[in-house]
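Mind the numbering: the sequence shown is residues 110 to 211 in our numbering, read in order. The C-beta atom is built at its ideal place from N, Cα and C for all residues, glycine as well. Below is one structure; the comments refer to it alone.
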Amino acid sequence: MGVFDSVKKASQNLAVKQSAEDNARVATMFPGVELPRVDYIPKSREYGTATPTAYIATVGLLPEEFGILPVNSESAAQGFEFVYRDRPEYARGRAAWHRHHG
110 MGVFDSVKKA
120 SQNLAVKQSA
130 EDNARVATMF
140 PGVELPRVDY
150 IPKSREYGTA
160 TPTAYIATVG
170 LLPEEFGILP
180 VNSESAAQGF
190 EFVYRDRPEY
200 ARGRAAWHRH
210 HG
């Protein structure tokens with residue numbers, strides 16, 4: 110892994126961490142209101158353009174409960190933001206995804 114790969118990975122990890130922190134902060138602002146969860150998932154080298162499909166399958170998201178927003182650079186998607194209704198059963202799938210994709 111070269112320097113640029115290391116910088117890119119660090120940037121992606123920071124985006125994932127900030128997304129989780131934002132979810133927690135917003136949840137405290139609106140107690141008792143069901144808020145959507147927003148997860149930033151960097152495009153995986155393993156899955157490439159199939160990253161959204163792999164994430165959906167791993168987490169077990171139901172079609173009626175999510176939306177996907179590409180996060181683009183100048184020429185291509187660098188990752189995806191998944192916006193969805195959080196359910197307790199999705200926690201295990203998210204944990205499995207993050208164990209494998211760190």
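Residue environment for Gly157: exposed (fewer than 16 other C-beta atoms within 10 angstroms of its C-beta).
Rounded to whole angstroms, Pro172 and Asp195 show a C-alpha spacing of 13 angstroms. Around the beta carbon of Leu178, a 10 Å sphere encloses fewer than 16 other beta carbons of the protein chains shown; the residue is thus reported as exposed.
When DSSP states are grouped into helix, strand and coil, Asp131 belongs to the helix group.
Around the beta-carbon of Leu170, 16 or more other beta-carbon atoms lie within 10 Å, marking it buried. Look at Tyr156 here: in three-state DSSP terms it is coil, with no helix or strand label.
Counted as a single uninterrupted DSSP element, the alpha helix (DSSP H) harbouring Pro197 occupies residues 197-210. Taking the Cβ atoms as the reference, Tyr149 lies roughly 6 angstroms from Gly188, within the contact range of under 8 angstroms.
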